[in-house]
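Note sheet for the following structure.
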Amino acid sequence: MKINLPEIQFPKLNIQKQDNIGKYQLPSKVIYCKKCVISNQRPRIVLDDEGVCGACRYAEYKNTKIDWNKRDLELQELCDKHRRKDGQFDVIVPCSGGKDSAFVAHMLKNKYGMNPLTVTWAPNLYMDVGWKNIQHLIHTGLHNITWTPDGETHRILTRLSFIHLGDPFQPFIYGVKTFPLRLAVMFNIPLIVYGENGEVEYGGDMKNANSPCHDTRDDLKRHYFSGMNPESWVDYGLAKEKLEYYLSPSQEALAKVGVQCHFMGYYKRWVPQEMYYYACENTGFAANPEGRSEGTYSKYASLDDRLDGFHFYMAHAKFGIGRATSDAAHEVRDGHISREEAIALVKRYDGEFPGQYFDEFLDYTGLSKEDFEKVVNSHRSDHLWEKIDNQYKLKTPVWES
Amino acid sequence: MRIISRLDIKSPNLVKGVRLEGLRIIGDPALKAEKYYLDGIDEIFYQDIVASLYQRNSIHDLIQKTAKNIFVPLTVGGGIRSLDDIYHALRSGADKVSINTIAIESPKFITEAAKAYGSQCIVVAVESILQPDGVWRAFTNNGREKTALDVVEWVKKAVDYGAGEIVLTSVDREGTAKGFDLRLIEKVAGIIKVPLIIHGGAGKIEDLIEVAQMNIQGVMLAHVLHYNKLSVIEIKAALKEKGLNIRPL
Amino acid sequence: MKIAIIDYGLGNLQSIHNAICYVGADAVITDSKNEIENADKIILPGVGAFQDGMKGLIEKNLVEPLHSSLKKGKPILGICLGAQLLTQSSEEFVKTEGLGFIEAETLYLPSDRILIPNTGWINTKLNPCKTIPAWLNNLDWNDAWFYYVHSLYMKVSNPELEYAYGVKNNFNVTGIIGIENLTCIQFHPEKSGENGLRLLKNYIEKA
Chain A
0 MKINLPEIQF PKLNIQKQDN IGKYQLPSKV IYCKKCVISN QRPRIVLDDE
50 GVCGACRYAE YKNTKIDWNK RDLELQELCD KHRRKDGQFD VIVPCSGGKD
100 SAFVAHMLKN KYGMNPLTVT WAPNLYMDVG WKNIQHLIHT GLHNITWTPD
150 GETHRILTRL SFIHLGDPFQ PFIYGVKTFP LRLAVMFNIP LIVYGENGEV
200 EYGGDMKNAN SPCHDTRDDL KRHYFSGMNP ESWVDYGLAK EKLEYYLSPS
250 QEALAKVGVQ CHFMGYYKRW VPQEMYYYAC ENTGFAANPE GRSEGTYSKY
300 ASLDDRLDGF HFYMAHAKFG IGRATSDAAH EVRDGHISRE EAIALVKRYD
350 GEFPGQYFDE FLDYTGLSKE DFEKVVNSHR SDHLWEKIDN QYKLKTPVWE
400 S
Chain B
0 MRIISRLDIK SPNLVKGVRL EGLRIIGDPA LKAEKYYLDG IDEIFYQDIV
50 ASLYQRNSIH DLIQKTAKNI FVPLTVGGGI RSLDDIYHAL RSGADKVSIN
100 TIAIESPKFI TEAAKAYGSQ CIVVAVESIL QPDGVWRAFT NNGREKTALD
150 VVEWVKKAVD YGAGEIVLTS VDREGTAKGF DLRLIEKVAG IIKVPLIIHG
200 GAGKIEDLIE VAQMNIQGVM LAHVLHYNKL SVIEIKAALK EKGLNIRPL
Chain C
0 MKIAIIDYGL GNLQSIHNAI CYVGADAVIT DSKNEIENAD KIILPGVGAF
50 QDGMKGLIEK NLVEPLHSSL KKGKPILGIC LGAQLLTQSS EEFVKTEGLG
100 FIEAETLYLP SDRILIPNTG WINTKLNPCK TIPAWLNNLD WNDAWFYYVH
150 SLYMKVSNPE LEYAYGVKNN FNVTGIIGIE NLTCIQFHPE KSGENGLRLL
200 KNYIEKA
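Protein sequence lines, in the order shown, are assigned to chains A, B and C. With the first letter of the first sequence counted as 1, position 372 gets the number 371 in numbering that gives the first Met the number 0; the numbers rise by one all the way through. With the first letter of the second sequence counted as 1, position 83 gets the number 82 in numbering that gives the first Met the number 0; the numbers rise by one all the way through. With the first letter of the third sequence counted as 1, position 4 gets the number 3 in numbering that gives the first Met the number 0; the numbers rise by one all the way through.
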């Protein structure tokens, strides 16, 4: 449902050409993985001597080398260690209500006998289907705490992140990563279980490929915060106290409870399609009644936030890697489609403009269409884009390489 | 009532999804089709479900291979955009073709195709998704692209333009095995003047018995057959026992 | 045994060919006068519009070889549109003259009695008429279902020439008509599973 947003005072606009090459250390020559469709422009990804990306190598490894029965035993042990029978929560599951978090929460409760507290950092602007999905999940018998951040601050932060980081989703990601930590401390629940480890599943830093968890300080900053912690926004004119609920608890507080963030993807072979089947069958999960999401072919992922498409659209501007590329690359690794099919999908859908919610995005961030375009273009690096007939085109799209 | 097996093809594989999404590879379509034929299926329906997604038209070999061993009607859909495409599909061994996108883009094509090959040959497939406002909208591209068409209105129009048969897919139920969308079927069955085949949701024999009383000419099954939850043999035996008008094995 | 499947530009030739081969005959899809004359038996298949069908037969000069085959007493089997083309006329779209090998007209099914097009499996029964050829009579007609797809039916002027009929919702649909070496089948034996294959096999072996 569309809501009417109040008018608020945004900080003055300051759009400057961004140096994403320097910031993300992007290679100047675009090279695509030989097995999937991801390129070396994805931050932190590495292509090996045979031209294959780390995510594909990890997929081979996880499909052939990992003893998943052993991993399941590890999960059982972990649960045994934390399980409580006194009605108190024993695990926090950060939960959007999507298929992946529905799988994690429902599975932990019903197969592993845990008592999860599902924790939701509210979307910027709800999508109806996402709202229904999480309601369904909760009504299968799960507690939930949903935190909705102060809408004024959140809109300002979203706008600033869009302009300066080229990702309107950064404030949301702060919340998704730090709020569960805050609750872990508050409720004294040491165990947090996320879904997949995006770094290893989609390509990036492989340091946690064989680890069930990530650390709550350095990894957060490097992998999830684009190198910019929430408190850094004071430099852009935000009052420190406004940022309080984006911050991670102190390392001391976390250590005192012994908080650990685990990935379900370490314990279970992570196949998004299987999560979809599980969620359809067990948690009443529904795909998008609108059909596919803009910018990709799938209709079962990212159904929570109306502004979601802009996160992916900006990734396409910054790295030449949009949502269809990420989706298709993962499906190649899962053996669902061939590389040729993936290329066809990327060619057809990647970078498609998320027009459906554009007005709402502009309204949310207080930007004009012209400003929006300026911001997008300020994030386009010259090594990726060229302007032909007044239109930006990728210099080396995957179907021409 | 005809019992029709539907095989979604992503060449060279038989695939299956839930709500036409999350396509799992099931196996070799020709082998499955032959098994269903030998078990006594009344009709086979092949849908190349990625033809328009990948802009390709690649199941002619499969049709040819299948038609050699299967002697019940074979309908083929997916990626058909011209009279020429219809010609090739029929030439390969299909008996009917099923169209969706092109019919929506240009309803006159239904008339042209019916004129050229007879309306009994032209099946219009309707992918239906219930919208939050309570209206069923027609989709294309395997339930991916939404159109402005109201399903009930569109069925009426497609028949007026010459469709010889309607395959009505409830995307909301497809692959869920949670039963047919009876409200949708009732609405469409109430206005239709040509055979209506329903698809999406069959999970158990009772579901089939329930719809057999309605104004429909066929049910299309995929999930229950592919995952061996029901066999054609037991379905037919059960329906026959209920005294329903079913071709014997 | 050589079967000529007539190619006049329309229809599901391949399906007929597959079925005939499956039951063990040597079949050729052809529009050549020579091959038709050399064949032991003829099948005139068809899916499509009557007008186009007649046009195809005329343009490909197939009327004469069919006519002379009939005269020679060679078995001719028409299927669906191919069967209708053998009648005197059809009222499909506009009234069009047919080959007239049998005294029958092709008329629209009455839409107040039956859903059009009539598609689906129909329990088909034999009429108790004396002229039915043995190769049809020999088949097992107990609970025999065949696949029909059509909007028009063949109406014979002499009821003795109607060999079989389908019963659908208390309405009788013409199934098979024929006279001497000519047999016109409304349904599709090549699409009627085992029953259809048996019928074709009998035609090949015993007609």
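For each residue, glycine too, the CB sits at the ideal point set by N, CA and C.
Chain B partners of residue 279(A), CB-CB under 7 Å? The count along the first sequence starts at 1 and reaches residue 279(A) at position 280. The answer, in chain order, is 17, 175.
Considering Cα atoms alone, identify which of 124(C), 29(C), 65(C) is closest to residue 180(C). Residue 180(C) sits at position 181 when you count from the first residue of the third sequence. When only C-alpha atoms are compared, the closest one is 65(C).
Min CB distance residue 131(B) to chain A below 9 Å: In the second sequence, residue 131(B) corresponds to position 132, counting from 1. Residue 131(B) belongs to the set of residues whose beta carbon lies under 9 Å from a beta carbon in chain A.
Coil, strand or helix - residue 262(A) by DSSP: Here residue 262(A) corresponds to residue number 263 of the first sequence, with the count starting at 1. If DSSP states are grouped into helix, strand and coil, residue 262(A) belongs with the strands.
For residue 169(C), which three-state DSSP category applies? As a first step, residue 169(C) is located in the third sequence; it is residue number 170 there, counting from the start. Three-state DSSP puts residue 169(C) in coil, outside helix and strand.
Terminal residues of the alpha helix (DSSP H) in which residue 129(A) lies: Here residue 129(A) is taken as the residue at index 130 of the first sequence, counted from 1. From DSSP, the alpha helix (DSSP H) with residue 129(A) extends over 127-137.
Buried versus exposed call for residue 233(A) [16 or more other C-beta atoms within 10 Å across all chains shown]: Translated into positions along the first sequence, residue 233(A) becomes position 234. Exposed, because fewer than 16 other Cβ atoms sit within 10 Å of the Cβ of residue 233(A).
Contact defined as beta carbons within less than 8 Å: I believe residue 166(A) pairs with residue 225(A). What is the distance between those atoms, to the nearest angstrom? Taking the first sequence and counting its residues from 1, one reaches residue 166(A) at position 167. Taking the first sequence and counting its residues from 1, one reaches residue 225(A) at position 226. Between residue 225(A) and residue 166(A) the Cβ distance is about 7 Å, and since that is below 8 Å, they are a contact.
If contact means a Cβ-Cβ distance below 7 Å, which residues of the stretch 4-18 of chain C contact chain B? Here the close residues are 11, 13, 14, 17, 18.
The stretch 251-266 of chain A in contact with the stretch 189-205 of chain A per 3-pair CB rule at 8 Å: Contact between the stretch 251-266 of chain A and the stretch 189-205 of chain A is present, because at least three Cβ pairs lie under 8 Å.
CB contact below 9 Å: residue 288(A) versus chain B: Numbered from its first residue, the first sequence carries residue 288(A) at position 289. Cβ-Cβ to chain B under 9 Å: yes for residue 288(A).
Between 71(B), 4(B), 184(B), which has its C-alpha nearest residue 215(B)'s C-alpha? Start at 1 with the first residue of the second sequence, and residue 215(B) comes out as number 216. Shortest Cα-Cα distance from residue 215(B) to any of 71(B), 4(B), 184(B) involves 184(B).
Which residue or residues does DSSP assign as beta-bridge partners of residue 93(A)? Working through the first sequence from its first residue, we reach residue 93(A) at position 94. Per the DSSP secondary-structure output, residue 93(A) pairs in a beta bridge with 118(A).
State the beta-bridge partners of residue 142(A) as determined by DSSP. In the first sequence, the residue the question calls residue 142(A) occupies position 143. Residue 142(A) is bridged by DSSP to 116(A).
CB of residue 115(C) within 9 Å of CB of residue 193(B), strictly: Counting from 1 along the third sequence, the entry for residue 115(C) is found at position 116. Counting from 1 along the second sequence, the entry for residue 193(B) is found at position 194. Yes, the pair counts as a contact, with Cβ atoms nearer than the cut-off.
With which residues is residue 38(A) paired in a DSSP beta bridge? Locating residue 38(A) in the first sequence gives position 39, where the first residue counts as 1. 31(A), per the DSSP bridge assignment.
Relative to the C-alpha of residue 9(B), which residue among 382(A), 340(A), 361(A), 92(A) is closest? Position 10 of the second sequence, counting from 1, holds the residue named residue 9(B). Of the candidates 382(A), 340(A), 361(A), 92(A), the one whose C-alpha sits nearest the C-alpha of residue 9(B) is 340(A).
Applying the criterion that 16 or more other CB atoms from any shown protein chain within 10 Å of the CB defines a buried residue, is residue 330(A) buried or exposed? Here residue 330(A) corresponds to residue number 331 of the first sequence, with the count starting at 1. Residue 330(A) is buried by the Cβ-count criterion.
At the 9 Å Cβ level, is residue 1(B) part of the contact set with chain C, yes or no? As a working mapping, residue 1(B) is identified with position 2 in the second sequence. For residue 1(B), the closest Cβ of chain C is nearer than 9 Å.
Quick one: which chain B residues come within Cβ less than 9 Å of residue 298(A)? Position 299 of the first sequence, counted from the first residue, corresponds to residue 298(A). Within chain B, the residues near residue 298(A) are 18, 19, 20, 142, 143.
Minimum C-alpha distance to residue 168(A) - residue among 305(A), 6(A), 23(A): Here residue 168(A) corresponds to residue number 169 of the first sequence, with the count starting at 1. Checking every option, the nearest Cα to that of residue 168(A) belongs to 305(A).
Residues of the stretch 260-284 of chain A with Cβ closer than 7 Å to any Cβ of chain B, in chain order: Per Cβ criterion, the list reads 272, 275, 276, 279.
For residue 202(C), which residues in chain B fall below 7 Å Cβ to Cβ? Here residue 202(C) refers to the residue found at position 203 of the third sequence. Neighbours of residue 202(C) on chain B: none; closest Cβ ~15 Å, over 7 Å.
Can you have a look at residue 198(B) and say buried or exposed, based on whether 16 or more other CB atoms are within 10 angstroms of its CB? As a first step, residue 198(B) is located in the second sequence; it is residue number 199 there, counting from the start. Note on residue 198(B): 16 or more other CB atoms within 10 angstroms of its CB, so buried under the neighbour-count rule.
Taking beta-carbon pairs under 9 Å, can you tell me which members of the stretch 32-56 of chain C lie near chain B? Against chain B - using a Cβ distance shorter than 9 Å - the residues of the stretch 32-56 of chain C are 46, 47, 48, 51.
For residue 200(B) and residue 182(B), the rounded distance between their alpha carbons: Looking up residue 182(B) in the second sequence gives position 183. Looking up residue 200(B) in the second sequence gives position 201. Straight through space, the alpha carbons of residue 200(B) and residue 182(B) are spaced by roughly 13 Å.
With a cut-off of 9 Å, does the C-beta of residue 223(B) fall near any C-beta of chain A? Position 224 of the second sequence, counted from the first residue, corresponds to residue 223(B). The beta-carbon of residue 223(B) is placed no less than 9 Å from the nearest beta-carbon of chain A.
Beta carbon of residue 32(A), beta carbon of residue 328(A): below 9 Å? In the first sequence, residue 32(A) corresponds to position 33, counting from 1. In the first sequence, residue 328(A) corresponds to position 329, counting from 1. The answer is yes: Cβ separation under 9 Å.
By the 10 Å Cβ neighbour count, where 16 or more other Cβ atoms means buried, how is residue 10(A) classified, buried or exposed? Mapped onto the first sequence, residue 10(A) falls at position 11. By the 10 Å Cβ count, residue 10(A) comes out exposed.
At a CB distance below 7 Å, what residues from the stretch 201-218 of chain B approach chain C? Give them in sequence order. Listed by position, the residues of the stretch 201-218 of chain B near chain C (Cβ gap below 7 Å) are 216.
Rounded C-beta distance between residue 101(A) and residue 74(A)? I'm assuming under 8 Å. Walking along the first sequence from the start, residue 101(A) turns up at place 102. Walking along the first sequence from the start, residue 74(A) turns up at place 75. In this structure residue 101(A) is not in contact with residue 74(A), their Cβ atoms being roughly 17 Å apart against a cut-off of 8 Å.
Determine, using beta carbons only, whether residue 44(B) and residue 76(B) come nearer to each other than 9 Å. Within the second sequence, numbered from 1, the residue matching residue 44(B) stands at position 45. Within the second sequence, numbered from 1, the residue matching residue 76(B) stands at position 77. Inclusion of residue 44(B) and residue 76(B) in the CB contact set at 9 Å is warranted, their separation being smaller than that value.
Determine the direct distance from the alpha carbon of residue 110(B) to that of residue 349(A), and round the result to whole angstroms. Residue mapping note: residue 349(A) aligns to position 350 of the first sequence, counting from 1. Residue mapping note: residue 110(B) aligns to position 111 of the second sequence, counting from 1. Here the C-alpha atom of residue 349(A) lies approximately 36 Å from the C-alpha atom of residue 110(B).
What's the C-alpha gap between residue 192(C) and residue 68(B)? Numbered from 1 along the third sequence, position 193 holds the residue referred to as residue 192(C). Numbered from 1 along the second sequence, position 69 holds the residue referred to as residue 68(B). Our two residues, residue 192(C) and residue 68(B), have alpha carbons roughly 10 Å apart in a direct line.
Start and end of the beta strand (DSSP E) containing residue 149(C)? For the purposes of this step, residue 149(C) is taken as residue 150 along the third sequence, with counting starting at 1. Start and end: 144-149.
Taking the runs of the alpha helix (DSSP H) that are 4 residues or longer, which of them lie wholly in the stretch 221-267 of chain A? Qualifying alpha helix (DSSP H) stretches, in chain order: 250-256, 263-266.
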